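Quick note, the sequences are listed as chains A and B, same order.
Residue numbers for the first sequence follow our numbering, beginning at 1 and rising by one.
Residue numbers for the second sequence follow our numbering, beginning at 1001 and rising by one.
For reference, the structure discussed in these notes is given below.
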Amino acid sequence: MQKELTNHTSLLGQEEIIQAIKRNDDLVLKHLYQKNYPKVEQYILKNQGSSPQAKDIFQEAFLAMWKNVKLGKFLPKGETALDGYLYTIARNKWTDFLRSSRFKKTVSVEKEIDLERQHADIPEEEENPHMKNTLTAYSRLGVDCRSLLNRFYFEKKSLKEISDELGIGAASVRNKKYRCMQKLRELAHQESNAHA
Amino acid sequence: MLKPDFHTDLSQEAFERIESYLLNQMKESEKAAFEADLREDKILAEQTEGLRTLILSSEIHTLQESMDRFHTDLEGGEGKIRKLNTPFPLKRYLFAAAIGILVLIGIFSLQNGGKQHEKLFASYFQADPGLITSMSSGINYEFNKAMVAYKEGKYEEAIGSWEKLYQNNPKNDSLNYFLGAAHLANAEPVKAINYLKNIFPIEESSFQQESFWYLGLAYLKAGDLDKAKEFLEKSNHPEKEELLEKLSQ
C-alpha cells in the first residue's frame, strides 16, 4: 500500500518529490502537470493570451522546472513550493512574451497588464546553444533506437528489464544502445555542421 | 561552456565509462579518477559534454511527448480543461437514482417523526454519489476499494479504510471530503464536520462547494442552526435558497 501512495505528489515530502521527478515518474509528472495547468491557463487567458499559447508557455515552464530539479538547482520544499515555482516561471515567461517586440507588433491597443516579473528564487535558465541541434538529431533517429534509449534514459530501466521487455539478451541490448548512441552522435554532428 | 563533441572515435568501453559517470553510477574512487581524466583530457571532456547533451535531449524529447499526452488527457472528452485539485484522478459521477433516494429518505423521515431540523436534513441530504473507480490502474487501490464500499452503502467499511489512509495523509482533500461524506451518510454529523471543515481552506479543492453544502447539512443534523446557515450561505447548491428560507421560518 505504501508503494501505491508514494506515487502521489501530494503525499510526498521534499526528498520523495525530487526523486520522483528525477526518475521521471509518469504518475507524479502527470499529476503535477494536470494540477498546475488550469491556474496558468487562467492567468494567460486573463492577460491577452489564448489556450494554445497557455499550453506552450506552461510546457516551457514545466520543462524548466524539470531541468532545474534534475540539476539540483531547485529543491522544492514539498508540493506547494513546486506549484508556486511552476506558476511563477510560467508567469515570467508570459510577461517576457508580452514585453517582446513580437507581441507588441501584433497588438495595437495596449491594455493595462501586470508586467512585473517575479523573482522568488527562480534560477535563471541556461540556454544550451547545442540543444536545438541535438533535439532535431534525436527526432531523426529511427523508432527502434528512440524506443530503446527512451526506456534506458527516460524510464531508467535496467538492461535486464529492457532485455525482458524486448525478448533479446541483455548483451544485445547493451550493444544496440551503443550503436544507437553512435548513430545519434553522427546525426548531431550533421545538424551542428548544417547550422554552424 | 565546453563544446560538445559528436564526431571523434568513441569505443563502446569509453562510451560506457562516460555514460556511467553521467548517470551517476560510478563508485566514488572511479568518479574521482574520471574527473581527474576530465581535467587532463580535453577530448574526453568534450565527448562527455556531447553525450550529456544527447542523453538530455533523449529525455526532453520523451518528456515533451509525455506533456502532450497529459494535456490531451486533461482536455478530456468535453474539450474543456477540468479543474481538479484531487490527487485521485477519477471522474465525478452522478447517479440517476439520487432523486428517488432523496424522496424515499424524505418519506421515511416523515413517517418516523423526529425534530424539525432532522426532517429538513433528511429532505435535503443525499449522499455524494462518489467517484468512478478504476481498479485496473493499480493506483490508490485502497482508496478505490473503499470507494466501491461507499457506493454500495457500506459506509463503516469505507470509513475504516479511508481513516487508515488519512493517518498518513491528513491534508488530502479527497480523503477529508469522502470521510466527511461517509460519516454524514452514516448519521455521524460531528465526525463528518471534523473532516469537512478541512476542505474549505484548500482554495483550489474541487470539493470546496460540495463541502460547504455538506457542512451546512451536517450542522443542521447536529442541531447547530447558526453554523448550518453560515455554511449554506457559502454554498452554491441549487437548493441552498430554499433550505435557508425554511430554516428562517
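Even for Gly, the Cβ is constructed at its ideal location relative to N, Cα and C.
The structure presented is a predicted model; accordingly, all values stated were derived computationally and were not measured.
Rounding to the nearest angstrom, what Cα-Cα distance links residue i and residue j in this structure?
| i | j | result |
| --- | --- | --- |
| A/Y178 | B/F1015 | 7 Å |
| B/P1170 | B/A1181 | 16 Å |
| B/S1066 | B/K1227 | 46 Å |
| A/H189 | A/N47 | 42 Å |
| A/Q42 | A/K22 | 28 Å |
| A/L32 | B/Q1208 | 20 Å |
| B/P1238 | A/T134 | 56 Å |
| A/Q159 | A/Y138 | The sequence shown places Leu at residue 159 of chain A, rather than the Gln named in the question. Approximately 21 Å between the Cα atoms of the pair. |
| B/S1011 | A/E186 | 14 Å |
| B/L1196 | B/E1230 | 14 Å |
| A/Q34 | B/R1069 | 11 Å |
| B/L1056 | B/L1165 | 37 Å |
| B/V1148 | A/Q14 | 32 Å |
| B/Y1191 | B/Q1249 | The question names Tyr, but residue 1191 of chain B in the sequence shown is Lys. The alpha-carbon atoms of B/K1191 and B/Q1249 are separated by roughly 28 Å. |
| B/G1153 | A/I162 | 45 Å |
| B/N1194 | A/F62 | 36 Å |
| B/K1027 | A/G169 | 26 Å |
| B/P1189 | A/Y85 | 39 Å |
| B/D1173 | B/S1211 | 10 Å |
| B/L1063 | A/W94 | 21 Å |
| B/Y1155 | B/G1130 | 12 Å |
| A/D83 | B/L1022 | 29 Å |
| B/E1241 | B/K1234 | 11 Å |
Could you tell me whether any Cβ in chain B is nearer than 8 Å to the Cβ of residue i?
| i | result |
| --- | --- |
| A/Y178 | yes |
| A/S100 | no |
| A/Q34 | yes |
| A/Q59 | yes |
| A/F154 | yes |
| A/K163 | Here the sequence assigns Ser to residue 163 of chain A, which means Lys is not the residue at that position. Closer than 8 Å: no. |
| A/A188 | yes |
| A/K55 | yes |
| A/R140 | no |
| A/S192 | yes |
| A/M65 | no |
Tell me which same chain residues have a C-beta within less than 7 Å of the C-beta of residue i, skipping the five on either side of it?
| i | result |
| --- | --- |
| B/F1121 | L1217, L1220, K1221 |
| B/N1045 | Reading the sequence as shown, one finds Ala at residue 1045 of chain B and not Asn. Closer than 7 Å at Cβ, skipping near neighbours: L1002, L1038. |
| B/K1246 | L1120 |
| B/A1185 | A1127, Y1155 |
| A/F154 | N24 |
| A/K176 | L148 |
For residue i, decide whether its Cβ has a neighbour in chain A, counting only Cβ atoms nearer than 8 Å.
| i | result |
| --- | --- |
| B/F1200 | no |
| B/L1054 | yes |
| B/L1179 | no |
| B/K1004 | Looking at the sequence itself, residue 1004 of chain B is Pro, so the reference to Lys does not match. Cβ-Cβ to chain A under 8 Å: yes for B/P1004. |
| B/Q1208 | no |
| B/Q1167 | no |
| B/E1059 | yes |
| B/G1130 | no |
| B/T1062 | yes |
| B/F1256 | Lying outside 1001 to 1249, the shown extent of chain B, residue 1256 of chain B is not represented and no answer is given. |
| B/S1160 | In the sequence under discussion, the amino acid at residue 1160 of chain B is Gly, which differs from the Ser named in the question. Closer than 8 Å: no. |
| B/Y1071 | Residue identity check: residue 1071 of chain B is His in the sequence provided, not Tyr. By this cut-off, B/H1071 is an interface position. |
Report all residues from its chain with a CB closer than 6 Å to the CB of residue i; omit the five preceding and five following residues, and keep chain order.
| i | result |
| --- | --- |
| B/F1125 | L1217 |
| A/L141 | L184 |
| B/D1005 | E1046, Q1047, G1050 |
| B/P1087 | Unreliable placement is indicated for B/P1087, whose pLDDT of 38 sits below 50; no coordinate value is reported for it. |
| B/N1198 | N1176 |
| B/E1157 | A1149 |
How is the alpha helix (DSSP H) around residue i delimited, first residue to last?
| i | result |
| --- | --- |
| A/I168 | Neither: A/I168 is in no alpha helix (DSSP H) and is coded neither H nor E. |
| A/L27 | 26-46 |
| B/A1228 | 1225-1234 |
| B/L1165 | 1155-1168 |
| B/I1060 | 1042-1075 |
| B/K1003 | Note, B/K1003: premise wrong, no alpha helix (DSSP H); not H, not E. |
| A/D96 | 79-99 |
| B/I1018 | 1012-1022 |
| B/S1123 | 1116-1124 |
| B/Y1177 | 1173-1185 |
| A/L141 | No alpha helix (DSSP H) contains A/L141, which DSSP labels as neither H nor E. |
| A/M65 | 51-70 |
| B/K1191 | 1189-1196 |
| A/Y153 | Per DSSP, A/Y153 belongs to no alpha helix (DSSP H) and is neither H nor E. |
| A/Q19 | 14-22 |
| B/L1215 | 1208-1222 |
| B/E1245 | 1240-1248 |
Give every residue of the same chain whose Cβ lies closer than 8 Å to the Cβ of residue i, excluding the five residues on either side of it in the sequence, and list them in chain order.
| i | result |
| --- | --- |
| A/I18 | V69, L75, P76 |
| A/K157 | R151, E165 |
Using a threshold of 7 Å, is the CB atom of residue i nearer than that to any non-hydrogen atom of the ligand GTP?
| i | result |
| --- | --- |
| B/L1217 | The ligand GTP is absent from the structure shown, which contains no ligands of any kind. |
Contact set between the segment 77-96 of chain A and chain B, restricted to residues whose Cβ is under 7 Å from the partner: Cβ contacts with chain B: none found.
Members of the segment 1020-1036 of chain B that neighbour chain A once the beta carbon cut-off is set at 9 Å: Within the segment 1020-1036 of chain B, the qualifying residues are L1023.
Contact residues within the segment 18-43 of chain A, judged by C-beta distance below 8 Å to chain B: Correct list: N24, D26, L27, L29, K30, H31, Y33, Q34, K35, Y37, P38, K39, E41.
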